[in-house]
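Novice:
In the working numbering, the protein residues as written are 85 to 268.
#1: Short check: CB of residue 108 to CB of residue 170, under 9 Å?
#2: Thinking C-alpha only, which one of 167, 160 and 103 is nearest residue 138?
#3: What residues in its chain sit with their C-beta under 6 Å from that of residue 185, if we drop five residues either side in the sequence?
#4: Expressed to the nearest angstrom, what Euclidean distance is found between the alpha-carbon atoms of residue 215 and residue 133?
#5: If I'm right that residue 162 touches residue 110 with Cβ under 8 Å, what's the distance once you round it to whole angstroms?
#6: Assess, as a yes-or-no matter, whether the segment 176-184 is touched by the segment 203-214 under the definition of 3 or more beta carbon pairs within less than 8 Å.
#7: What does the Cβ neighbour count give for residue 85, buried or exposed, with the cut at 16 atoms within 10 Å?
#8: Give me the Cα-Cα distance between residue 223 and residue 250, rounded to the nearest whole angstrom.
#9: Quick one: residues in its chain with C-beta nearer than 7 Å to the C-beta of residue 113, no 5 flanking neighbours on either side, listed in chain order?
#10: Could you tell me whether any non-hydrogen atom of the ligand FAD is closer than 8 Å to the CB of residue 143?
#11: Assuming contact is defined by CB atoms lying nearer than 9 Å, are residue 227 and residue 207 in contact in what I supplied?
#12: By the three-class DSSP mapping on this structure, what secondary structure does residue 85 have?
#13: Considering just the uninterrupted stretch of the beta strand (DSSP E) at residue 101, what are its terminal residues?
#14: In the DSSP assignment, the beta strand (DSSP E) including residue 148 goes from what residue to what residue?
#15: Identify, in the order they occur along the chain, each residue of the same chain with its Cβ nearer than 7 Å to the Cβ of residue 192, setting aside the five sequence neighbours on each side.
#16: Give the DSSP bridge partners of residue 175, in chain order.
#17: Have a look at 173, 101 and 225 and flag the residue whose alpha-carbon is nearest the alpha-carbon of residue 90.
#18: DSSP state of residue 116, grouped into three classes?
Okay, structure coming up:
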């Protein structure tokens, strides 16, 4: 299946897959709401961001380049600005994903600590025969296991997709970028 997906992409002479992107002009790559910003500070259009992310997810570990085609002639300066813009934009996304990962790991350790505290309370109160202490003991055991489960679920279920996104953003930000004019 993976091979049939990579067959959808062109390859260059270095056996790198080519992610082709066509636009009328360089400005079409960026959101319109921040017209006063320089290219480097502008956000990429959401559709372009999504297309790049999905393409890199599809091709996986295969080496790739991003190739832009413009109807209007673009000069070397604007091409360099696009390269810097894509690099900076996906580094910015990496920063936020890394921040999310850090928060999730911190939360996991907090849940882990709270879980062990509750389980310890449960074991300490389990020997007492009074109904009230047994109730607290059982409740603490349940709370402890729920907390421990949340810690593991955060690491195993939530953290790995963030790690994969981080890798995709890194691959895009470091990708080789080429430019061509569309010949009519």
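Beta carbons: idealized from backbone N, C-alpha and C, even for Gly.
Predicted, not measured: the structure shown is a model, and the values here were computed from it.
Specialist: This is what the structure holds:
#1: By 1-based counting over the chain shown, the position of residue 108 is 24. By 1-based counting over the chain shown, the position of residue 170 is 86. Contact: no.
#2: The residue labelled residue 138 in the question sits at position 54 within the chain shown. Looking at the Cα atoms, 103 is the closest of the given residues.
#3: In the chain shown, residue 185 corresponds to position 101, counting from 1. 246.
#4: As a working mapping, residue 215 is identified with position 131 in the chain shown. As a working mapping, residue 133 is identified with position 49 in the chain shown. Straight-line Cα distance between these residues: approximately 59 Å.
#5: The count along the chain shown starts at 1 and reaches residue 162 at position 78. The count along the chain shown starts at 1 and reaches residue 110 at position 26. Between residue 110 and residue 162 the Cβ distance is about 5 Å, and since that is below 8 Å, they are a contact.
#6: no
#7: Walking along the chain shown from the start, residue 85 turns up at place 1. Legend: pLDDT at residue 85 = 49, less than 50; position of this residue unreliable, no value from coordinates given.
#8: Walking along the chain shown from the start, residue 223 turns up at place 139. Walking along the chain shown from the start, residue 250 turns up at place 166. One C-alpha to the other measures close to 39 Å.
#9: For the purposes of this step, residue 113 is taken as the residue at position 29 of the chain shown. Answer for residue 113: 107, 128, 129, 132 and 166, listed in chain order.
#10: Among the ligands in the structure shown, none appear at all, so the ligand FAD cannot be discussed.
#11: Looking up residue 227 in the chain shown gives position 143. Looking up residue 207 in the chain shown gives position 123. No, the pair does not count as a contact, with Cβ atoms beyond the cut-off.
#12: Residue numbering aside, residue 85 sits at position 1 when the chain shown is read from its first letter. Unreliable positioning characterises residue 85 in this predicted model, as indicated by a pLDDT of 49, which lies under 50. The coordinate reading is nonetheless provided below. Residue 85 carries a coil assignment under DSSP once its states are collapsed to helix, strand and coil.
#13: Walking along the chain shown from the start, residue 101 turns up at place 17. Per DSSP, residue 101 is one residue of the beta strand (DSSP E) stretching across 101-107.
#14: Looking up residue 148 in the chain shown gives position 64. Note, residue 148: beta strand (DSSP E), 148-154.
#15: Translated into the one-based positions of the chain shown, residue 192 becomes position 108. Cβ neighbours of residue 192 beyond the five flanking positions: 235, 238 and 239.
#16: Within the chain shown, the letter at position 91 stands for residue 175. DSSP, once it has assigned bridges, lists no residue as partnering residue 175.
#17: The residue you call residue 90 lines up with position 6 of the chain shown. Closest by alpha carbon: 101.
#18: Translated into the one-based positions of the chain shown, residue 116 becomes position 32. Three-state result, residue 116: coil.
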